[in-house]
Every structure is written in structure tokens, then in C-alpha cells.
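Participant:
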Amino acid sequence: MKNKSYIGISFIILVFGIYAIPKIIDRVKNNDVSVQDRLNVPAKERKSEEAKNLVKIGNAPQFSLTDQNGKTISNKDYEGKVYVVEFFFSTCPTICPVMNQNMRMIEDEFGKNENFGIASFTINPVNDTPEVLKEHAKQLGVTSPNWHFLTGDQEYIYKIANKGFNIYAGESKKEGDAGFEHSGYFALVDKKGNIRSRKDKSGNPIIFYTGLNYKDKEGFQDDLQGKYKPGIHAIKEDIAILLEE
Numbered sequence: 185m186k187n188k189s190y191i192g193i194s195f196i197i198l199v200f201g202i203y204a205i206p207k208i209i210d211r212v213k214n215n216d217v218s219v220q221d222r223l224n225v226p227a228k229e230r231k232s233e234e235a236k237n238l239v240k241i242g243n244a245p246q247f248s249l250t251d252q253n254g255k256t257i258s259n260k261d262y263e264g265k266v267y268v269v270e271f272f273f274s275t276c277p278t279i280c281p282v283m284n285q286n287m288r289m290i291e292d293e294f295g296k297n298e299n300f301g302i303a304s305f306t307i308n309p310v311n312d313t314p315e316v317l318k319e320h321a322k323q324l325g326v327t328s329p330n331w332h333f334l335t336g337d338q339e340y341i342y343k344i345a346n347k348g349f350n351i352y353a354g355e356s357k358k359e360g361d362a363g364f365e366h367s368g369y370f371a372l373v374d375k376k377g378n379i380r381s382r383k384d385k386s387g388n389p390i391i392f393y394t395g396l397n398y399k400d401k402e403g404f405q406d407d408l409q410g411k412y413k414p415g416i417h418a419i420k421e422d423i424a425i426l427l428e429e
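Using this note's numbering, you'd call the opening residue of the sequence shown number 185 and step up by one each time.
#1: At a threshold of 7 angstroms, does residue 298 count as lining the ligand ADP (C-beta to nearest heavy atom)?
#2: Identify, in the order they occur along the chain, each residue of the same chain with its Cβ nearer than 7 angstroms to the Cβ of residue 443, setting aside the five sequence neighbours on each side.
#3: From the DSSP output, which residues share a beta bridge with residue 354?
#4: From residue 422 to residue 238, what distance separates their C-alpha atoms?
#5: Determine whether the beta carbon atoms of residue 381 and residue 271 lie at a separation below 8 angstroms.
#6: Please name the residue, chosen from 314, 299, 404, that lies closest to residue 153 on a Cα-to-Cα basis.
#7: In three-state DSSP terms, what is residue 422?
#8: Pairing CB atoms from the segment 372 to 389 with CB atoms from the segment 281 to 293, are three or more of them under 8 angstroms?
#9: Rounded to a whole number of angstroms, what is the C-alpha to C-alpha distance between residue 211 and residue 350?
#10: List the whole-angstrom C-beta distance separating residue 418 from residue 393, where the pair is believed to meet the contact cut-off of C-beta under 8 angstroms.
#11: Quick check on this structure: which residue in 414, 321, 400 has the alpha carbon closest to the alpha carbon of residue 303?
#12: With DSSP as the reference, label residue 428 as helix, strand or coil.
#13: Just curious, the beta strand (DSSP E) that residue 303 is in, first and last residue?
#14: Hey, how far is the Cα of residue 411 from the Cα of residue 285?
#15: Going by beta-carbon coordinates alone, are residue 301 and residue 340 separated by less than 8 angstroms?
#16: Closer than 6 angstroms by C-beta to residue 318: which residues in its own chain qualify, once you throw out the five before and the five after it? Chain order, please.
#17: Apart from the five residues just before and just after residue 254, which ones in its own chain have a Cβ nearer than 6 angstroms to its Cβ?
#18: In this structure, how does DSSP classify residue 321 when only helix, strand and coil are distinguished?
#19: Just to confirm my understanding: we take residue 384, look at its own chain, exclude 5 residues before and 5 after, and list those with CB closer than 7 angstroms. What are they?
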């Protein structure tokens, strides 16, 4: 009797498998099965949790400068927007072209979003007039109306860089620096005007995102011609998170 019972149960399981498995496969193919993580948390909620893990470094400084179109632009023009900050100068022979091109990659992904912007502060405003910056933006292929190349008083800009964002910018007498030197970092600012960043593997805030290229994925060996852009990959992920806050 037991053998007959086992045979009967096996037969039922076989019939169920023949009937049910194809239907399950069809549901997966048709995206009828929702994808959730191992904690069974919907994707939208997961992004909110990730956003909470982006550290608030401090408040972005107030500023008011002139952009490439001769328009006065202040921090108030970025209120309600997620924006990225860089310091550069148009005649820079080394890292600036790399930074600008990497910023273009960011613009390509988010430039059509009205809640996103970019602020590029020149550290050589004597040369980088609105007219020069407008041509510079044209050469880069900038299309976003919210990407402003900003110029004004040099000491004022240096104060914004060094004290406001804590991103180094200054004059240089070193050969090859073209008279100026600055950090290759980008700052990320949220819709409420807070400087934000992710944490590293040790749980410490990275504070800024490198805008340079590297020989290695980890970002230990910088190389102007390097194919790895760990900072750009990271900041694009975090921009997407902040845009949904």
C-alpha cells in the first residue's frame, strides 16, 4: 500500500510541475513577477534608504557671479535643484580638460532634467570673461541651460572655493601650471543646499568626488588618459538618488 501511495504522490507532483512551471516562466518573461531584494523591500523604498546614507557635509556657500551669457547667477538659482560644482580655468593645460569632459558625461545623463544643474567656477576671471566662457561652453558642446560657467572677482571666487566648498584653488608659480592650481574634485549639492557625499568602504564620508581619470578601477593611480572614472561613476549614482528625494 505504501508503494502505491508514493507512486500516487509522485504522479500528482509531476502533473503539477507540467502545468505550473510553464505558467511561472511566462509570468517572469512578461514581467508580471515584481523584483525585490532579499529583505522584500520595494525598489523605490530601497532608493530612499540609500539616500539616507548620503552624508550631509555642510551647507553650500552663498554666491552671486556672472555666467557665460552675462547673466547674474546666484545660489538661489540652484534652489530646488541637485547640482555639481567644479573649479577650473579655460586655459588650463592639464586636468581641466579632463574635468570638463567628465562633467559633460554627467550633463549627457542628467542635463535634460530641470531639477539638475552644474556650476563651473573659473579661478582665472581676468582672462575668463563671459565671452571667453561662452566660447568655452560652445567648444565643449554644452546644451543644458542649467550649466553655468561663472566669473567675477578673483578673491571672491577663491573664498567660495577654499572656505565655502573647501576645494583648493589658488595662484601658482610652478612651471606647467599656467599660473594657477586647483583641486580636481567635484562637490555634490542637494535640493536644499546641503553638500552631500557617500561613504567609503570603511564608513567614512568621501566628502568630494574625483573628476579625474585613472589607470585602475579603485582610483589610486591618476592618469589623464586613463579609462577608469570611479568618481564619475559614483557621483552619477548619487545624483540619481538625490533627484528622487
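In this text, a Cβ means the ideal position worked out from N, Cα and C, and glycines have one as well. No experiment lies behind these values; they were computed from the predicted model shown.
Facilitator: According to the data block:
#1: Annotation note on the ligand ADP: not contained in the displayed structure, which lists no ligands.
#2: What the structure shows of the chain is the stretch from 185 to 429, and residue 443 is not part of that stretch, so it cannot be assessed.
#3: Mapped onto the sequence shown, residue 354 falls at position 170. The partner list for residue 354 (beta bridge, DSSP) reads 365.
#4: Within the sequence shown, numbered from 1, the residue matching residue 422 stands at position 238. Within the sequence shown, numbered from 1, the residue matching residue 238 stands at position 54. Rounded to the nearest angstrom, the two C-alpha atoms are 8 angstroms apart.
#5: For the purposes of this step, residue 381 is taken as residue 197 along the sequence shown, with counting starting at 1. For the purposes of this step, residue 271 is taken as residue 87 along the sequence shown, with counting starting at 1. No, the pair does not count as a contact, with Cβ atoms beyond the cut-off.
#6: Because the chain is modelled from 185 through 429, residue 153 falls outside the range shown and cannot be assessed.
#7: Counting from 1 along the sequence shown, the entry for residue 422 is found at position 238. Looking at residue 422 - three-state DSSP - the assignment turns out to be helix.
#8: Judged by pairs of C-beta atoms under 8 angstroms, the segment 372 to 389 does not touch the segment 281 to 293, as fewer than three such pairs exist.
#9: What you label residue 211 is simply residue 27 of the sequence shown in a count that begins at 1. What you label residue 350 is simply residue 166 of the sequence shown in a count that begins at 1. Its pLDDT being 48, under 50, residue 211 is placed unreliably in this model, and the value from its coordinates should be taken loosely. Each residue's alpha carbon lies about 52 angstroms from the other.
#10: What you label residue 418 is simply residue 234 of the sequence shown in a count that begins at 1. What you label residue 393 is simply residue 209 of the sequence shown in a count that begins at 1. In this structure residue 418 is in contact with residue 393, their Cβ atoms being roughly 6 angstroms apart against a cut-off of 8 angstroms.
#11: Locating residue 303 in the sequence shown gives position 119, counting from the first residue. The option with the nearest alpha carbon to residue 303 is 321.
#12: The sequence position of residue 428 within the sequence shown is 244, counting from 1. In the three-state DSSP reduction, residue 428 falls in the coil class, being neither helix nor strand.
#13: Here residue 303 refers to the residue found at position 119 of the sequence shown. Start and end: 300 to 306.
#14: Position 227 of the sequence shown, counting from 1, holds the residue named residue 411. Position 101 of the sequence shown, counting from 1, holds the residue named residue 285. Their backbone Cα atoms lie some 13 angstroms apart in a straight line.
#15: As a first step, residue 301 must be located in the sequence shown, where it is residue number 117. As a first step, residue 340 must be located in the sequence shown, where it is residue number 156. Going by C-beta atoms, residue 301 is not nearer than 8 angstroms to residue 340.
#16: Walking along the sequence shown from the start, residue 318 turns up at place 134. The answer, listed in chain order, is 252.
#17: In the sequence shown, counting from the first residue as 1, residue 254 sits at position 70. Excluding sequence neighbours, residue 254 sits near 314.
#18: What you label residue 321 is simply residue 137 of the sequence shown in a count that begins at 1. If DSSP states are grouped into helix, strand and coil, residue 321 belongs with the helices.
#19: Counting from one through the sequence shown, the residue named residue 384 turns up at place 200. The residues are 390.
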